[in-house]
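Numbering (this note's numbering), first residue to last: 1191 to 1299.
Structural data, given as structure tokens:
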């Protein structure tokens, strides 16, 4: 999960850099900002997947066997830090999709 989080942060930095290069006209013909939104969305989705996968690893449930409420709690409850990462991942997916859809319009400014 740590690698996915770091990659999402790098994705945000790359998106900011490409926004600056598109606004300055340096890479406006390539429309890199809009393309970086696609990468940002992918990185946010992979971060969300890592959070879900962490919950699935925390349970010892075997298919067809009994499950305790404690095991369910360990599988679905997130720590405070993981909740912050989850909000960051949601924001990354939403804003990445917005950038992906409308990022090419930044070169019109």
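The beta-carbon is built from N, C-alpha and C at its ideal position, and this holds for glycine as well.
Q | Contact set for residue 1241: own chain, Cβ-Cβ below 6 Å, skip 5 residues either direction | A | Once the five neighbours on either side are set aside, the close Cβ partners of residue 1241 are 1276.
Q. In terms of residues, what are the limits of the alpha helix (DSSP H) holding residue 1212?
A. Looking at the DSSP string, the run of the alpha helix (DSSP H) that includes residue 1212 is 1192-1214.
Q) Considering only residues of the same chain and omitting the five flanking positions on each side of residue 1298, which have a CB-CB separation below 6 Å? A) Excluding sequence positions up to five before and after residue 1298, its CB lies less than 6 Å from no other CB in the same chain.
Q: Tell me whether residue 1212 is buried or exposed, calling it buried when 16 or more other Cβ atoms sit within 10 Å of its Cβ.
A: Under the 10 Å beta carbon count, residue 1212 is surrounded by 16 or more other beta carbons and is classified as buried.
Q. Can you tell me whether residue 1203 is buried or exposed, with buried defined as 16 or more other CB within 10 angstroms of its CB?
A. Around the C-beta of residue 1203, fewer than 16 other C-beta atoms lie within 10 Å, and the residue is accordingly described as exposed.
Q: Thinking residue 1230 and residue 1284 are a contact (beta carbons under 8 Å), I'd like their distance in whole angstroms, please.
A: That pair is no contact at about 10 Å.
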